[in-house]
Amino acid sequence: MEMTPRRWQDTCQYLSDVFGRVDGPSGDAQLATLMPRAVAAGLPDIAVSHDVGRLLKLLTQTATHDAASTGVVIELGTLAGYSGIWLARGLPASGRLITVEYEPEHARFASAEFERAGVGDCVEVIIGAALDVLPRLAERLGPRSIDMAFLDAIKTEYERYAAILTPMLRPGGLLVADNALGSGSWWIDSPPGTSPERDAVDRFNRTVAGNPGFQTACVPIRQGVLIARKTD
Ligand code: SAH
Ligand code: MG
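Read in order, the letters of the sequence shown are residues 1245 to 1476 in the working numbering.
Following this line, the structure appears as structure tokens:
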């Protein structure tokens, strides 16, 4: 199946070459080798790309370095810690990333990578299913307590994640979702009814885009990143 036209593939290569660099500051050798090491350890190869990682860091910096910031970011779906390290690197010194992962082996791998990246002290890894953990976090942190949430766990649950997270976001906070346009097994232009994930994400995209409580855009890098800013 031709999911992306040739010109778009070339554009993706350009984006990766120009904006997806992981060389430079010390420690980036860790990021460059992280997913190959995770895959060798038996984890699935489904992390975001370097250019999406850079976008996540930029969004975290934007959300957490503001007079109204709380310094708290939540991630759903830790995997090997790849996206989490980018998120953590965007935090202020007093900031905190809470990341939720269902598979204990993934959480263990990620925790070691957070330590190695020097962000272990500001990252809390919670093992559990997002829909079990989120109500507890809502109770613990309260409303308007977080600057940003990054959704990357179960696609058919995105709408329910957003329903719990929206009151937790401070005004001006960001709801960010990976796979807004596709994944390895479906793409958004597939016919409705061919994939429950596609249909759920399509519904989620339309719900957020149509919600007057958010300003929403979708950045079509890799498999699409939805970015929604909660209205002040
Ligand atoms: N954000 C990561 C990739 C996450 S892949 C990155 O880009 O680096 C999705 C992860 O969600 C997997 O590790 C999977 O084990 C985890 N997961 C699956 N079901 C979950 C659930 N119900 N709650 C939380 N995490 C879940
Ligand atoms: Mg993803």
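Ideal Cβ placement from N, Cα and C applies to all residues, glycine included.
Expected contact under 8 Å - CB spacing of residue i and residue j to nearest Å
i	j	result
residue 1413	residue 1393	7 Å
residue 1297	residue 1327	6 Å
residue 1343	residue 1369	6 Å
Element boundaries [beta strand (DSSP E), containing residue i]
i	result
residue 1474	1469-1474
residue 1395	1390-1395
residue 1310	Per DSSP, residue 1310 belongs to no beta strand (DSSP E) and is neither H nor E.
residue 1415	1413-1422
C-beta contact flag for residue i and residue j at 7 Å
i	j	result
residue 1476	residue 1387	no
residue 1354	residue 1325	yes
residue 1289	residue 1259	no
residue 1366	residue 1332	yes
residue 1448	residue 1401	no
residue 1418	residue 1303	yes
residue 1360	residue 1274	yes
residue 1315	residue 1306	no
residue 1423	residue 1467	yes
residue 1266	residue 1276	yes
Boundaries (first-last residue) of the alpha helix (DSSP H) holding residue i
i	result
residue 1445	1440-1453
residue 1284	1272-1284
residue 1365	Unbroken run through residue 1365: none, as it is neither H nor E.
Straight-line gap, residue i to residue j (C-alpha atoms, nearest Å)
i	j	result
residue 1317	residue 1420	11 Å
residue 1356	residue 1436	40 Å
residue 1245	residue 1399	At residue 1245, the pLDDT of 48 sits below 50, so the modelled position is not reliable; the number obtained from the coordinates is stated separately. Taking the straight line joining both Cα atoms gives about 22 Å.
residue 1390	residue 1378	13 Å
residue 1319	residue 1472	15 Å
residue 1311	residue 1411	19 Å
residue 1285	residue 1464	30 Å
Status (buried if at least 16 other CB within 10 Å, exposed otherwise) for residue i
i	result
residue 1480	The structure shown does not extend to residue 1480, since the chain spans only 1245 to 1476, so no value can be given for it.
residue 1251	exposed
residue 1442	buried
residue 1429	exposed
residue 1383	exposed
residue 1474	buried
residue 1291	buried
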